[in-house]
């Protein structure tokens with residue numbers, strides 16, 4: 001019963017380094033998205049995808065890249081890490097229809113020093 | 114401009130009483146409205162949803178009410194239990210969801 005799987009769970013980066021947060025879902029959902037959670041800010045949408053090969057920006061896309069080469073995978077790339085990107089990152093997937101639900105991964109804690 | 118707002122950052126309720134969490138939105142094109150519960154160090158977990166064509170949805174102790182004219186939704190938890198203590202987020206959208214900033218609910222035993 002995997003659902004949405006994120007890796008790594010914890011990561012410390014130095015300013016200027018790049019890295020990729022991995023996300024995979026096994027529910028054949030068309031839609032996938034990345035959120036970050038910061039104190040007092042709730043969950044903010046970074047990027048989302050409505051299907052393989054299609055991505056778009058969310059509320060806070062700067063400093064992040066995404067791609068969707070398969071239905072299952074939606075990696076988030078930090079191009080040049082900054083302390084402002086210290087956050088908890090959540091990947092999510094969903095499908096349309098009645099009773100629409102977003103399924104979240106367990107989160108990735110990222111610290112940029 | 115915040116499209117989804119939860120104006121109460123925290124709420125305390127006695128065990129057994131009703132908890133009412135509120136959420137306001139600005140975009141009348143949202144198709145679905147969702148409520149999530151989040152414990153520390155865990156991902157958000159789905160509670161209940163409502164589509165824009167309905168005004169009420171119920172699931173056990175949880176009921177969501179949607180007032181489209183006021184662009185307002187609320188989550189009612191009856192009766193409240195200590196295990197309900199968590200941060201609650203509302204979200205609105207279709208496949209691209211915008212979340213509110215959350216309300217921390219504390220249920221007092």
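Protein chains in written order, with my numbering: chain A, 1 to 113; chain B, 114 to 222.
Note that CB positions come from ideal geometry on N, CA and C, so glycine has one too.
Keep in mind it's a predicted model, so treat the numbers as computed, not measured.
For residue j and residue i, believed in contact at Cβ under 8 Å, the rounded distance
i: residue 11 (chain A); j: residue 110 (chain A); result: 5 Å
i: residue 146 (chain B); j: residue 186 (chain B); result: 5 Å
i: residue 88 (chain A); j: residue 15 (chain A); result: Actually they are not in contact, since the Cβ atoms of residue 88 (chain A) and residue 15 (chain A) sit about 19 Å apart, beyond 8 Å.
i: residue 68 (chain A); j: residue 55 (chain A); result: 6 Å
i: residue 200 (chain B); j: residue 176 (chain B); result: Contact doesn't hold; Cβ gap of about 19 Å is too wide.
i: residue 202 (chain B); j: residue 43 (chain A); result: 6 Å
i: residue 126 (chain B); j: residue 218 (chain B); result: 7 Å
Inter-residue spacing [alpha-carbon to alpha-carbon] between residue i and residue j
i: residue 204 (chain B); j: residue 24 (chain A); result: 22 Å
i: residue 41 (chain A); j: residue 214 (chain B); result: 5 Å
i: residue 60 (chain A); j: residue 115 (chain B); result: 12 Å
i: residue 174 (chain B); j: residue 161 (chain B); result: 11 Å
i: residue 90 (chain A); j: residue 120 (chain B); result: 23 Å
i: residue 9 (chain A); j: residue 207 (chain B); result: 28 Å
i: residue 135 (chain B); j: residue 124 (chain B); result: 11 Å
i: residue 27 (chain A); j: residue 181 (chain B); result: 32 Å
i: residue 178 (chain B); j: residue 144 (chain B); result: 14 Å
i: residue 154 (chain B); j: residue 132 (chain B); result: 23 Å
i: residue 166 (chain B); j: residue 184 (chain B); result: 13 Å
i: residue 84 (chain A); j: residue 62 (chain A); result: 11 Å
i: residue 197 (chain B); j: residue 122 (chain B); result: 16 Å
i: residue 170 (chain B); j: residue 163 (chain B); result: 6 Å
i: residue 72 (chain B); j: residue 210 (chain B); result: What is shown of chain B runs 114 to 222, which leaves residue 72 (chain B) out entirely.
i: residue 168 (chain B); j: residue 118 (chain B); result: 19 Å
Same chain, Cβ closer than 7 Å to residue i, neighbours up to 5 away in sequence not counted
i: residue 29 (chain A); result: 93, 94, 95
i: residue 194 (chain B); result: 128, 220
i: residue 101 (chain A); result: 94
i: residue 64 (chain A); result: 46, 47, 76, 77, 78
i: residue 67 (chain B); result: Any answer about residue 67 (chain B) is impossible in this case: the structure gives chain B only from 114 up to 222.
Any chain B beta carbon closer than 8 Å to residue i
i: residue 64 (chain A); result: no
i: residue 111 (chain A); result: no
i: residue 100 (chain A); result: yes
i: residue 94 (chain A); result: yes
i: residue 107 (chain A); result: yes
i: residue 43 (chain A); result: yes
i: residue 60 (chain A); result: no
Close-in-space but distant-in-sequence residues of the same chain around residue i (CB under 6 Å, 5 per side omitted)
i: residue 22 (chain A); result: 7, 75
i: residue 71 (chain A); result: 52
i: residue 139 (chain B); result: 116
i: residue 103 (chain A); result: 3, 4, 93
Interface flag, residue i vs chain A, CB-CB below 8 Å
i: residue 209 (chain B); result: yes
i: residue 162 (chain B); result: yes
i: residue 173 (chain B); result: no
i: residue 153 (chain B); result: no
i: residue 159 (chain B); result: yes
i: residue 179 (chain B); result: no
i: residue 202 (chain B); result: yes
Contact set for residue i: own chain, Cβ-Cβ below 8 Å, skip 5 residues either direction
i: residue 18 (chain A); result: 77, 78, 79, 80, 81
i: residue 49 (chain A); result: 31, 32, 33, 55, 56, 66, 68, 74
i: residue 13 (chain A); result: 19, 78, 81, 110, 111, 112, 113
i: residue 105 (chain A); result: 3, 4, 5, 6, 23, 90, 91, 92
Segments of 3+ residues assigned as beta strand (DSSP E) that fall wholly inside the stretch 80-112 of chain A: 87-94, 102-104, 108-112
Any alpha helix (DSSP H) of 4 or more consecutive residues that is wholly inside the stretch 134-211 of chain B: none
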